[in-house]
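Participant: So the sequence shown is residues 3 to 189, counted in the working numbering.
Note that the Cβ used here is the ideal one computed from N, Cα and C, for glycine as well.
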Amino acid sequence: ALDLVNEFKTTLLGEDIYVFTPKGDVKSLPVGAVALDFGFNIHTEIGLRTIGAKVNNKLVSIQQELKNGDIVEIITTSKGRATNNWLEIVKTGRAKSKIREYLKDEKTKLSGRGKTIMERMFMKHDVDFTEHNINLLTKNYKYDTPNEFFHAVAEGKIRMTREVLLGIIEEKNIPAVNSKKEKKKNI
Numbered sequence: 003a004l005d006l007v008n009e010f011k012t013t014l015l016g017e018d019i020y021v022f023t024p025k026g027d028v029k030s031l032p033v034g035a036v037a038l039d040f041g042f043n044i045h046t047e048i049g050l051r052t053i054g055a056k057v058n059n060k061l062v063s064i065q066q067e068l069k070n071g072d073i074v075e076i077i078t079t080s081k082g083r084a085t086n087n088w089l090e091i092v093k094t095g096r097a098k099s100k101i102r103e104y105l106k107d108e109k110t111k112l113s114g115r116g117k118t119i120m121e122r123m124f125m126k127h128d129v130d131f132t133e134h135n136i137n138l139l140t141k142n143y144k145y146d147t148p149n150e151f152f153h154a155v156a157e158g159k160i161r162m163t164r165e166v167l168l169g170i171i172e173e174k175n176i177p178a179v180n181s182k183k184e185k186k187k188n189i
């Protein structure tokens with residue numbers, strides 16, 4: 003909300019720059035906007051797939067601050083690639099909002115993948131995939147919610163063997179191993 007207020011103030015005070023697409027279309031952006039902001043100004047999908055830009059026919063990074071009169075061409079890839087770092091790069095509220103939305107969707111997708119991985123593991127080892135069993139795993143690995151646990155599974159932060167799975171489910175107090183670093187500590 004604060005981003006939108008700042009953007010509104012900037013627009014109200016007339017602190018805009020005008021940049022051009024390669025086809026000559028004029029785009030208005032706030033002073034301090036970067037190439038990545040321009041990508042999101044064109045279209046959300048363009049912004050999410052941005053890997054670089056050409057400003058006045060010179061290859062620049064997505065962090066390049068734009069100036070009045072610049073001609074900007076966005077270079078994209080086939081898939082979205084937004085990261086948390088992008089939230090610190092962009093200046094416009096719209097771009098920040100779209101990046102947050104994308105990151106949230108990606109986290110949800112990863113949680114779904116982690117849940118699928120765990121469902122398969124349970125089935126493979128003939129263990130019931132129940133809320134109780136998932137809560138035991140979540141608590142054992144010190145996550146607040148099952149979705150956080152599933153997300154960690156999908157990211158490869160949790161490696162689980164049959165023995166560990168059964169030990170936790172059967173409450174044999176086998177210590178959880180969240181990462182390679184912690185695994186080395188436990189040895």
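I'd like the span of the alpha helix (DSSP H) that includes Glu-157, first residue to last.
Facilitator: Unbroken run through Glu-157: none, as it is neither H nor E.
Participant: How many Å lie between Thr-118 and Phe-151 at the Cα?
Facilitator: If I take the Cα positions, the gap works out to 12 Å.
Participant: So the candidates are Tyr-104, Asn-135, Ile-48; which of them puts its Cα closest to the Cα of Ile-170?
Facilitator: Nearest of Tyr-104, Asn-135, Ile-48 to Ile-170, Cα basis: Asn-135.
Participant: Quick check: what's the CA-CA separation for Asn-43 versus Lys-159?
Facilitator: The alpha-carbon atoms of Asn-43 and Lys-159 are separated by roughly 36 Å.
Participant: Output yes or no for whether 8 Å exceeds the beta carbon distance between Val-21 and Gln-66.
Facilitator: Result no, Cβ atoms of Val-21 and Gln-66 do not sit closer than 8 Å.
Participant: Looking only at its chain, what residues have a beta carbon closer than 7 Å to the beta carbon of Gly-82, apart from the 5 residues adjacent to it on each side?
Facilitator: If we look at Gly-82 and ignore the five residues flanking it on each side, its Cβ neighbours are Leu-50, Arg-51, Tyr-104.
Participant: Please state the DSSP three-state secondary structure of Lys-141.
Facilitator: In the structure shown, Lys-141 sits in a helix (DSSP, three-state: H, G or I).
Participant: Going by beta carbon distance, what residues of the same chain come within less than 8 Å of Met-125, once the five residues before and after it are set aside?
Facilitator: Excluding residues within five positions, the ones whose Cβ falls inside 8 Å are Phe-131.
Participant: To the nearest angstrom, report how far apart Glu-165 and Thr-140 are at their CA atoms.
Facilitator: Between Glu-165 and Thr-140, the C-alpha separation is close to 17 Å.
Participant: Return the chain-ordered list of same chain residues with a C-beta closer than 7 Å to the C-beta of Ser-30, the five sequence neighbours on each side being excluded.
Facilitator: The residues are Asp-18, Tyr-20.
Participant: Which value, in whole angstroms, describes the spacing of the CA atoms of Lys-56 and Thr-147?
Facilitator: The straight-line gap from Cα to Cα measures roughly 44 Å.
Participant: Is the separation between the beta-carbon of Ile-64 and that of Gly-71 shorter than 8 Å?
Facilitator: Contact: no.
Participant: Counting C-beta neighbours from all protein chains within 10 Å, is the total for Pro-24 16 or more, i.e. buried, or is it exposed?
Facilitator: Classification for Pro-24: exposed.
Participant: Using only alpha-carbon positions, find the residue among Ile-73, Arg-115, Leu-61 that is nearest to Phe-40.
Facilitator: The candidate whose alpha carbon is nearest that of Phe-40 is Ile-73.
Participant: Keeping to the same chain, check which residues put their C-beta closer than 7 Å to that of Asn-58; ignore five residues upstream and five downstream.
Facilitator: Result list for Asn-58: Asp-72, Ile-73, in chain order.
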